[in-house]
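The working numbering numbers the first residue of the sequence shown as 20 and each following residue consecutively. Each residue gets a CB set at the ideal place from its N, CA and C atoms; glycine is no exception. Just below is one structure, and these are the notes that go with it.
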Amino acid sequence: MPDGAVSGGDGYDGNGDSDSSDPYADNNAGESGMSGNSNGDTEEEYSGNNEGTAYGDAIKVDSLTTIYFDFDRYDIRSDMKDYVRANADFIKEKNIKAVVLQGNTDEFGGDEYNTALGLKRAISVRDALVLQGLPRNMFSTISYGMHKPVCREKTAECYAKNRRTDIVEK
């Protein structure tokens with residue numbers, strides 16, 4: 020396992036604390052601390068029984084895709100839920116047997132904090148995929164924290180690209 024990476028287990032409790040704040044965030048102003056599911060979603064609301072986007076077009080993917088997160092958050096964003104479903108459909112269609120969920124963060128915050136946040140993001144995606152009918156034991160989770168950025172520019176757009184969970188066939 021690379022330096023800074025942490026594998027996930029089942030001991031996750033969904034809580035966390037932070038002193039960081041995103042200088043580029045526009046939707047979390049005044050918030051402090053890792054927040055999971057503050058938008059009120061429940062398993063019932065996110066059962067995956069929708070037939071696509073608000074416009075009625077089902078999202079379909081031709082490869083496993085990345086799920087993005089808001090700053091300092093590990094709940095699935097509403098604009099990513101159809102992509103979770105599309106990834107689950109792709110996994111089923113291609114009969115993929117094992118998947119690694121790789122949690123990542125931007126560079127804000129300390130190493131230990133970001134490693135924990137990355138793991139919570141990976142676990143969040145795993146749990147959402149399980150709600151889509153996939154077996155929990157097909158997934159492994161790992162956090163790279165801030166150590167595997169896909170973008171290194173010092174811009175809000177770049178930082179947002181690093182707040183993600185990559186879904187990778189094992």
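If you follow the beta strand (DSSP E) that residue i is in, where does it begin and where does it stop?
| i | result |
| --- | --- |
| Y163 | 158-164 |
Roughly how many angstroms separate the alpha carbons of residue i and residue j, rounded to a whole number?
| i | j | result |
| --- | --- | --- |
| E126 | K139 | 16 angstroms |
| A107 | T184 | 14 angstroms |
| E112 | E188 | 13 angstroms |
| A147 | C170 | 26 angstroms |
| V149 | A141 | 12 angstroms |
| T174 | D89 | 15 angstroms |
| R104 | D130 | 31 angstroms |
Helix, strand or coil for residue i? Go by DSSP, reduced to three states.
| i | result |
| --- | --- |
| I86 | strand |
| V144 | helix |
| I186 | strand |
| R96 | coil |
| G122 | strand |
Take residue i as the anchor and find which of the options has the nearest alpha-carbon.
| i | options | result |
| --- | --- | --- |
| D91 | A105, T85, Y132 | Y132 |
| I186 | I78, M157, A135, C177 | M157 |
| Y102 | N114, I78, V118 | I78 |
Output the boundary residues of the alpha helix (DSSP H) element that contains residue i.
| i | result |
| --- | --- |
| V103 | 100-112 |
| A77 | A77 -> no alpha helix (DSSP H), and no H or E assigned at all. |
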